[in-house]
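> As they're listed, the protein sequences go chains G and Z.
Start counting the first sequence at 1174; every next residue gets the next number (the numbering used here).
Start counting the second sequence at 1174; every next residue gets the next number (the numbering used here).
2 protein chains.
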Amino acid sequence: MTNSARLVIRNVTAVDPGGTHTTILHNRDILIEGNRISRLTAAGQTHAAEAGYIIDGTGMVALPGLINTHAHLAMVLFRGAAEDVTIGSWFNDFIWPMESNLAPDDVYWGAMLAAAEMIESGVTTVADHYFMMDAVAEAMASSGLRAHLAPTLFGRDLRTELNASAEVISRRQGAGDGRIRMWLGPHSTYLCPPEFLREVAAEAKRTGLGVHIHVSETAEQVQASLTAHGLTPPAHMEQLALMAVPMIAGHAAHATEGDIAIFARHGVGVSHCPKTFLKLAAGIAPVVAMRQAGVAVGLGSDGAASNNTIDIFEQMRLAAELQKHEQKDATVLKLDDALAMATVEGARVVRQEQEIGRLAPGYLADVILVRMDGTHMQPVHDVRAALVYSARASDVDTVIVNGQVLMEGRRLRTIDKAQVLKEVTGRANRLAEKGHGRRLAEYPV
Amino acid sequence: MTNSARLVIRNVTAVDPGGTHTTILHNRDILIEGNRISRLTAAGQTHAAEAGYIIDGTGMVALPGLINTHAHLAMVLFRGAAEDVTIGSWFNDFIWPMESNLAPDDVYWGAMLAAAEMIESGVTTVADHYFMMDAVAEAMASSGLRAHLAPTLFGRDLRTELNASAEVISRRQGAGDGRIRMWLGPHSTYLCPPEFLREVAAEAKRTGLGVHIHVSETAEQVQASLTAHGLTPPAHMEQLALMAVPMIAGHAAHATEGDIAIFARHGVGVSHCPKTFLKLAAGIAPVVAMRQAGVAVGLGSDGAASNNTIDIFEQMRLAAELQKHEQKDATVLKLDDALAMATVEGARVVRQEQEIGRLAPGYLADVILVRMDGTHMQPVHDVRAALVYSARASDVDTVIVNGQVLMEGRRLRTIDKAQVLKEVTGRANRLAEKGHGRRLAEYPV
């Protein structure tokens, strides 16, 4: 089905994570017209004539699609290739030897696998940060997902990199019926020198683009910034005028109190990627303090080479669990907060909070249906608890983006999964042989 | 299918987590005769005549069934009923008002739901700690699972409780073709007075039973024990001779260095339940130190009222992630260790390491098959990484216990899931109305 005129989800529990309060409406019909949610009514109040395509939501919960605010999609090609090693060894001994051999077609097929995984996991919007971004944009456009794409600037050659970036951005901005939005993607303050970042800030200001950048991922990065500039990475970026434009700060695991005040002052959105932090022993971001300061904190998968999956349900659960643990207080980061981070707060991070992240009339029709009949979900004392602490990505039954059905009854509509898995296996084998000299375990798909 | 004479799993990747090293054998046939694994051969080497029932394992990994070393199964009835509250409020305001209204039939149907959830999640053995244990034993026997059952002793009336416990134990010991084994279940050192525990120790010694008990779940418990007895809970239990018999120590989140030495000296097995610790902000057990000291550390789900699911894949992943985080060292609790905790180490905890937890000839035929073709699993650079960091419980395709197929192609063979969900919903509604005055969100099943 392509973007149909009308679509009705019948007899569903509509869950709208407004922010501090989650609205739960049982037995509702959701009417979608074009690419927007037009009405929520009592079940059965939409007439057959106006219904168009009908999806039966009986026994399911409708949620706004989940938002992945920081990813390196094509790194699914390296899933599980570097385990139980330090961050330095992870990159130098395993990832870069493979990554440096990537061709644009590899990135395209990696992004297609990631797209399939995201749709199957209920992710409808992703903010990606990678190179060969034309290939990623192609994959996002054809998969039907919504994407905020930042071509990585490594901080080596200002003019060459900025020009190449500008070309990709002009080719892809607004593609896929407006689903694709472009950002500038300076890698980090530790790879990009100050004069480079100052020019990126000027370019962002001139073009109206936002900046997606890695921030304070490790304690060592913060220390190095203090040594080199006398400032933490956020304070350094503020000084370079990088925060005069919209910013997605990836990770921010080691944000200080002062950094949090800087984020709040400039409306910087933070992408929290807890599984990566844990696996690489990099420390945990002070999410509760950030949220108390009014900072938008969304959830991110980071790359599958460190996170292993692109599963925002898993990140949501970990985010809540870890803040309770770190704060030694079981009452912090409550169910409503966790659901908000995965949806409406993620929308704030990518600066689309007027259009996505809510299940309400007027919002873009990015909607997922989650089955509630699993033995791990029942009985349902609290719908929110079932979604945050019991649900698995595999409970997602149906995914709609921009009014288009991308998955129904767990069957993908826009992606040929068998072809993607075949392409990816071949390419991962080539990269593995070049990178670490071993072929992969192959399973028939 | 009942316990067939012969069963062959064809063309599977056999994964045997031996402990420090995981053996991975591709393209194998696994021959099961009666209730035991008899042979692993190259694929196609088992002849049709000797094959009996055939399961095609193509594209799948065979693992020993996962072992859940500490549970309160019937608490699935309270799943999601008490969220974002302190431990005290969790028990007094939410759980006990419902739990105190439980009838044996509620416990039976709760345990049946838990059995269905465990089978669907690849758990083949569970150590349960609860009251009305006849009902749990019935559910375990009819579901086909392997179970170590400890009727809870609350420490109030020694003779009455020990006599009642002895009766349940004599009725159920060895039931279900030997799948059911009974333990003594004193609740904890904070509920059971010293003289009570001394008598339990004597009874255990006399009968040859082991003891399953809660140990040092919170810092407050440790402090209270130090105040009352001048000893940590493990040191107190050692003094009471409770460790002269096999012991499962549930939680042990706040085990000290001295406690770890005590566990090691007496061969105490620890059940690590990380999701509960995080959700209730109770602290994290020093798993790495315990394992270095030679203590067997298995994984436990605890009750679904605090953990929300009975998912050992989730506990395995959390266990590894959290030790890396707590130790600030990404190289600790490696893939092999995590897989061992879920299988062979769990077998040591329940004192069945000669019979379960390995995928090897002579071991009891408790085997699960995991699909490897998911978009979140591919490509497979490392089979172990796919199992530890990517796999979801929903990837479990087939479950065999004691040579009997309990699930195949995700269809349960021994449990009528629709009936269980119907019974559970009605009962949870009654308990919720009595306990917190609200009815549940009901979803057609």
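In this text, a Cβ means the ideal position worked out from N, Cα and C, and glycines have one as well.
Pop quiz: G:H1445 and G:L1472 are said to be a contact at Cβ under 8 angstroms. What is the actual Cβ separation, rounded to whole angstroms?
6 angstroms between Cβ atoms; contact.
> Quick check: what's the CA-CA separation for G:M1514 versus Z:G1467?
Taking the straight line joining both Cα atoms gives about 41 angstroms.
> Under 7 angstroms between C-beta atoms, does G:E1494 make it to chain Z?
So, interface residue.
> Could you check where the beta strand (DSSP E) with Z:R1544 kicks off and where it finishes?
Looking at the DSSP string, the run of the beta strand (DSSP E) that includes Z:R1544 is 1540 to 1544.
> Hey, would you say Z:E1518 sits closer than 7 angstroms to Z:V1470, going by beta carbons?
A contact, by the Cβ cut-off of 7 angstroms.
> Please report how far the alpha carbon of Z:A1276 lies from the alpha carbon of Z:M1305, in whole angstroms.
Cα to Cα, the separation comes out at about 8 angstroms.
> Any beta carbon of chain Z sitting closer than 7 angstroms to that of G:R1379?
No, no contact with chain Z.
> I'd like to confirm the pairing. Which residues does DSSP put opposite G:A1426 in its beta bridges?
DSSP lists no partner for G:A1426.
> Nearest CA to the CA of Z:Q1412: which residue from Z:R1586, Z:D1202, Z:R1524, Z:E1372?
The candidate whose alpha carbon is nearest that of Z:Q1412 is Z:E1372.
> Would G:Y1281 pass as an interface residue toward chain Z - the criterion being a Cβ-Cβ separation below 7 angstroms?
So no, G:Y1281 is outside the interface.
> Which same chain residues end up closer than 7 angstroms to G:M1355 when comparing Cβ atoms and leaving out the 5 residues on each side of it in sequence?
For G:M1355, where only same-chain residues beyond five positions count, the Cβ hits under 7 angstroms are L1322, I1342, R1345, Q1346, L1382.
> Looking at the C-beta of Z:Q1551, does it have a partner C-beta in chain G at a distance below 7 angstroms?
Cβ-Cβ to chain G under 7 angstroms: yes for Z:Q1551.
> Using a C-beta to C-beta distance shorter than 7 angstroms, which residues of chain Z count as neighbours of G:M1545?
Those are Y1616, listed as they occur along chain Z.
> List the residues of chain Z that G:T1259 touches, going by C-beta distances under 7 angstroms, in chain order.
Within chain Z, the residues near G:T1259 are A1503, T1504.
> Quick one: what's got a C-beta closer than 6 angstroms to Z:I1210's C-beta in the same chain, skipping five residues either side?
Counting only Cβ-Cβ distances below 6 angstroms, and skipping sequence neighbours, we find P1534, Y1536, A1538.
> Are the Cβ atoms of Z:R1179 and Z:G1230 separated by less than 7 angstroms?
The answer is no: Cβ separation not under 7 angstroms.
> What are the residues that DSSP puts in a beta bridge with Z:N1265?
Per DSSP, none; premise fails for Z:N1265.
> With 16 as the cutoff for other CB atoms within 10 Å, does G:K1590 come out buried or exposed?
It counts as buried.
> Does the distance from the C-beta atom of G:A1428 to that of G:S1389 stay below 7 angstroms?
Taking 7 angstroms as the Cβ cut-off, G:A1428 and G:S1389 qualify as a contacting pair.
> If Z:I1240 and Z:A1520 are in contact, beta carbons under 8 angstroms, what's the gap, nearest whole angstrom?
That pair is a contact at about 6 angstroms.
> So the candidates are Z:E1487, Z:A1477, Z:Q1525, Z:E1526; which of them puts its Cα closest to the Cα of Z:G1295?
The residue with the shortest Cα to Cα distance from Z:G1295 is Z:E1487.
> Check whether the Cβ of G:E1290 lies closer than 7 angstroms to any Cβ atom in chain Z.
So, interface residue.
> Residues bridged to Z:N1184 by DSSP?
DSSP, once it has assigned bridges, lists no residue as partnering Z:N1184.
> Where do the ends of the beta strand (DSSP E) carrying Z:T1242 lie?
Note, Z:T1242: beta strand (DSSP E), 1239 to 1244.
> Mind checking if G:K1452 is an interface residue toward chain Z, Cβ cutoff 7 angstroms exclusive?
For G:K1452, the answer is yes, since a Cβ of chain Z falls inside 7 angstroms of its Cβ.
> Name the residue from Z:F1267, Z:A1244, Z:A1308 whose alpha carbon lies nearest to the alpha carbon of Z:T1298.
Of Z:F1267, Z:A1244, Z:A1308, the residue nearest in Cα terms is Z:A1244.
> At a cut of 8 angstroms, does the segment 1474 to 1481 of chain Z reach the segment 1496 to 1512 of chain Z through at least three beta carbon pairs?
These segments do not touch.
> If I follow the unbroken beta strand (DSSP E) through Z:E1206, where does it start and stop?
From DSSP, the beta strand (DSSP E) with Z:E1206 extends over 1195 to 1206.
> When burial is assigned at 16 or more other CB atoms within 10 Å of the CB, is Z:E1368 buried or exposed?
That one is exposed.
> Using a Cβ-Cβ cut-off of 8 angstroms (strictly less than) and excluding sequence neighbours within five positions of G:F1450, which residues of its own chain qualify?
Closer than 8 angstroms at the Cβ level, and outside the excluded window around G:F1450, lie H1424, A1426, G1456, I1457, A1458.
> Along the chain, where does the alpha helix (DSSP H) that runs through Z:Q1500 open and close?
Segment 1485 to 1500, the alpha helix (DSSP H) holding Z:Q1500.
> State the Cα-Cα distance for the pair Z:T1175 and Z:I1529, rounded to the nearest angstrom.
Residue placement at Z:T1175 is poorly supported in this model, since its pLDDT is 44, which falls under 50; the coordinates are not used for a value here.
> Which one of Z:S1563, Z:E1526, Z:Q1527 has the shortest CA to CA distance from Z:V1543?
Measuring from the Cα of Z:V1543, the nearest candidate turns out to be Z:S1563.
> Taking 7 angstroms as the cut-off, decide whether the C-beta atoms of G:N1602 and G:R1252 are in contact.
No, they are not a contact pair.
> How would you write the range of the alpha helix (DSSP H) that Z:H1409 sits in, first residue to last?
Here the alpha helix (DSSP H) through Z:H1409 covers 1406 to 1412.
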